[in-house]
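Residue numbers for the sequence shown follow this note's numbering, so the first one is 8 and each next one is one higher.
All C-beta atoms in this analysis are idealised placements derived from N, C-alpha and C, irrespective of residue type, glycine included.
Below is one structure, written out as structure tokens, with a few remarks after it.
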Amino acid sequence: MSFTDTLLHWHRTTDRQLPWKDTLDPYKIWLSEIILQQTRVEQGTPYYLKFIEVYPTIHDLANAPLDDVMSHWAGLGYYSRARNMHKAAKHVTNELDGNFPDTHQDILSLSGVGPYTAAAIASFAYELPHPVVDGNVIRFISRYLGLSLRKNDPTLAREIRSFLTPIIEDTIPSVFNQALMDFGALYCKPKKPDCELCLFKNQCKAFMERRVEEIPLPKKKLKRRNRYFHYLHLEINNEILITQRKEKDIWQDLHEPPMIETMQDQELIKQQIIAYLDIESNDLELNAMIDRRKQILSHQDIYASFYKVMINKKEIITLKNRWKWVKKEELQNIGKPRIVDLYFKDNSITLFS
Ligand code: SF4
């Protein structure tokens, strides 16, 4: 049997239900693909369902304020995805008369869309013959072809694409791509795939050469770094002082309390806080650090400390760039980094009740 026949024969025996599988709507397919970039299906599915409910069309998404979109995205990480998604929705609505692009090249030109996502939308929405090359497909095909390259080496994706491109042209692209991804996800798994029972075992180079466990080679390790964030929780008359992160850094556009970052792991002293807030010493009473949490991101570990800062009137605080007082009830509708969100939920019983 040919590669395609074997794959499709296997696929007829599986039934992987995903909420976006039965739609041809390019908007919904695009949304699901953006959400699933760097996110597991189980984690991404509730977000997909929420976005479809709140923004049933691309116009609804384009017309929503970015802050609202960010608040629905909160907790999913890699926030540039949400910003790019919003930008692309505006582009389609305002520049393309609301018509989602229908060629591979035009889809690829949307903000936040790379080769994998463009191929997925092109094939699932329009039956265009572009193979999807995601992590599951990379693992499956690199084993099948016996390619000893690192997972994140662009040469590997290129080799896999040139193997699959002529093959997909003789298939129904949406079915072929789905089968490829499902086989990688469900059968040719990262650890201990059942090679003895695999329909490809007589063609799979890695299996025949006993190299299954070592292919593909792991990504080159990036150096991790620790960061120390000290959040100042100022609260008076049912209002909390927050600011919006605008710098090109993690959590861009999300909201958090004013924060001092230190190079070392140390506790802040009163003088540092007074200087940062630009107030007089006797205007402030400080509870020592009241909470400490850690969040692990892809290349950095964030150690967040929270300090309750007591002041007697909010007028003593000169509002710097983007600082603002918000009512506690409004806080839950504002996009925040997960670590900040959890802090407020755990430390203010009245806040989210
Ligand atoms: S034989 Fe093993 S490694 Fe090769 S395709 Fe099948 S499951 Fe994957």
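At a cut-off of 7 angstroms, would you count residue 200 as near the ligand SF4, judging by its Cβ distance to the nearest heavy atom? For the purposes of this step, residue 200 is taken as the residue at position 193 of the sequence shown. True, at least one ligand heavy atom lies under 7 angstroms from that Cβ.
Quick one: which unbroken alpha helix (DSSP H) runs of 4-plus residues sit fully inside the segment 263 to 309? Chain order, please. 277 to 284
Flag residue 59 as yes if its beta-carbon sits less than 8 angstroms from any beta-carbon of chain B, otherwise no. No chain B appears in this structure, which consists of one protein chain only.
Which one or two residues does DSSP pair with residue 246 in a beta bridge? Locating residue 246 in the sequence shown gives position 239, counting from the first residue. Paired residues: 243, 334.
Assuming the contact rule is C-beta atoms closer than 8 angstroms, residue 88 and residue 50 should be a hit. Round their C-beta distance to whole Å, please. Position 81 of the sequence shown, counting from 1, holds the residue named residue 88. Position 43 of the sequence shown, counting from 1, holds the residue named residue 50. Not a contact, Cβ separation roughly 13 angstroms.
Under the three-state reduction of DSSP, which class applies to residue 320: helix, strand or coil? Residue numbering aside, residue 320 sits at position 313 when the sequence shown is read from its first letter. Looking at residue 320 - three-state DSSP - the assignment turns out to be coil, as it is neither helix nor strand.
Rounded to whole angstroms, what is the Cα-Cα separation between residue 311 and residue 85? Translated into the one-based positions of the sequence shown, residue 311 becomes position 304. Translated into the one-based positions of the sequence shown, residue 85 becomes position 78. So the two alpha carbons sit approximately 18 angstroms from each other.
Comparing the CB of residue 192 with every heavy atom of the ligand SF4, is any distance shorter than 7 angstroms? Sequence index remark: in the sequence shown, residue 192 carries index 185 (1-based). No, the Cβ of residue 192 stays beyond 7 angstroms of every heavy atom of the ligand SF4.
Per DSSP, what kind of secondary structure is residue 50 in: helix, strand or coil? For the purposes of this step, residue 50 is identified with residue 43 of the sequence shown, where counting begins at 1. If DSSP states are grouped into helix, strand and coil, residue 50 belongs with the helices.
Residue 354 by DSSP, collapsed to three states: which one? Residue mapping note: residue 354 aligns to position 347 of the sequence shown, counting from 1. Helix.
Using only CA atoms, which one of 250, 112, 110 lies nearest to residue 342? One-based indexing of the sequence shown puts residue 342 at position 335. Ranking the options by Cα distance to residue 342, first place goes to 250.
Residue 219 CB to nearest heavy atom of the ligand SF4 below 7 angstroms: Numbered from its first residue, the sequence shown carries residue 219 at position 212. Under cutoff, so the answer is yes.
Under 8 angstroms by Cβ, that's how I've got residue 54 and residue 42 pegged, so tell me the actual separation to the nearest angstrom. The residue given as residue 54 occupies position 47 in the sequence shown. The residue given as residue 42 occupies position 35 in the sequence shown. Confirmed, Cβ separation roughly 5 angstroms.
So, residue 132 versus residue 31, is the Cβ gap smaller than 8 angstroms? For the purposes of this step, residue 132 is identified with residue 125 of the sequence shown, where counting begins at 1. For the purposes of this step, residue 31 is identified with residue 24 of the sequence shown, where counting begins at 1. Yes.
Does the beta-carbon distance from residue 23 to residue 193 come in below 8 angstroms? Taking the first residue of the sequence shown as position 1, residue 23 is located at position 16. Taking the first residue of the sequence shown as position 1, residue 193 is located at position 186. The answer is yes: Cβ separation under 8 angstroms.
For residue 277, which option in 285, 129, 103 has the closest C-alpha, if you only look at C-alpha atoms? By one-based count along the sequence shown, residue 277 stands at place 270. For the residues 285, 129, 103, the minimum Cα distance to residue 277 belongs to 285.
Could you tell me if the beta carbon of residue 208 falls within a distance shorter than 7 angstroms of some heavy atom in the ligand SF4? Residue mapping note: residue 208 aligns to position 201 of the sequence shown, counting from 1. For the ligand SF4, at least one heavy atom lies less than 7 angstroms from the Cβ of residue 208.
Answer yes or no: the CB of residue 186 versus the heavy atoms of the ligand SF4, is any distance below 7 angstroms? Here residue 186 is taken as the residue at index 179 of the sequence shown, counted from 1. Every heavy atom of the ligand SF4 is 7 angstroms or more from the Cβ of residue 186, so no.
Flag this pair as yes or no: are the beta carbons of residue 103 and residue 138 separated by less than 8 angstroms? As a position in the sequence shown, residue 103 is number 96, starting the count at 1. As a position in the sequence shown, residue 138 is number 131, starting the count at 1. No, the Cβ-Cβ distance between residue 103 and residue 138 is not below 8 angstroms.
Span of the alpha helix (DSSP H), counted from its first residue to its last, around residue 124: Position 117 of the sequence shown holds residue 124. From DSSP, the alpha helix (DSSP H) with residue 124 extends over 122 to 133.
Contacts around residue 148, its chain only, beta-carbon distance under 6 angstroms, and the 5 residues preceding and following it disregarded: Position 141 of the sequence shown, counting from 1, holds the residue named residue 148. These residues qualify, in order along the chain: 167.
Please work out which residues of its chain come closer than 6 angstroms, Cβ to Cβ, to residue 317, disregarding the five sequence neighbours upstream and downstream, and give them in chain order. Against the sequence shown, residue 317 aligns to sequence position 310. Within the same chain, residue 317 has close Cβ partners 292.
Any chance the CB of residue 7 is under 7 angstroms from a heavy atom of the ligand SF4? The displayed coordinates of the chain run from 8 to 360. Any statement about residue 7 would go beyond what the structure contains.
Sufficient close CB pairs (3 or more, under 8 angstroms) joining the segment 255 to 268 to the segment 330 to 342: yes
Taking 7 angstroms as the cut-off, is the CB of residue 7 close to at least one heavy atom of the ligand SF4? In the structure displayed, the chain extends from 8 to 360; residue 7 sits before or after that span and is not available.
Indicate, with yes or no, if the ligand SF4 has a heavy atom lying under 7 angstroms from the CB of residue 170. Locating residue 170 in the sequence shown gives position 163, where the first residue counts as 1. Flag unset: Cβ of residue 170 not near the ligand SF4.
CB contact flag (residue 294, residue 314, <8 angstroms): Working through the sequence shown from its first residue, we reach residue 294 at position 287. Working through the sequence shown from its first residue, we reach residue 314 at position 307. In contact: residue 294 and residue 314 (Cβ atoms closer than 8 angstroms).
Hey, would you say the C-beta of residue 147 is under 7 angstroms away from at least one heavy atom of the ligand SF4? Locating residue 147 in the sequence shown gives position 140, counting from the first residue. It does: the Cβ of residue 147 is within 7 angstroms (strictly closer) of some heavy atom of the ligand SF4.
With distance defined between alpha-carbon atoms, name the residue in 354, 304, 308, 253 nearest to residue 330. Here residue 330 refers to the residue found at position 323 when the sequence shown is read from its first residue. It is 253.
Meets three-Cβ-pair contact criterion under 8 angstroms: the segment 13 to 20 and the segment 93 to 102: no
Can you tell which of 128, 121, 96, 123 has the C-alpha that lies nearest to the C-alpha of residue 110? Position 103 of the sequence shown, counting from 1, holds the residue named residue 110. Per the Cα distances, 128.
Measuring CB to CB, does residue 95 end up less than 8 angstroms from residue 118? Numbered from 1 along the sequence shown, position 88 holds the residue referred to as residue 95. Numbered from 1 along the sequence shown, position 111 holds the residue referred to as residue 118. A contact, by the Cβ cut-off of 8 angstroms.
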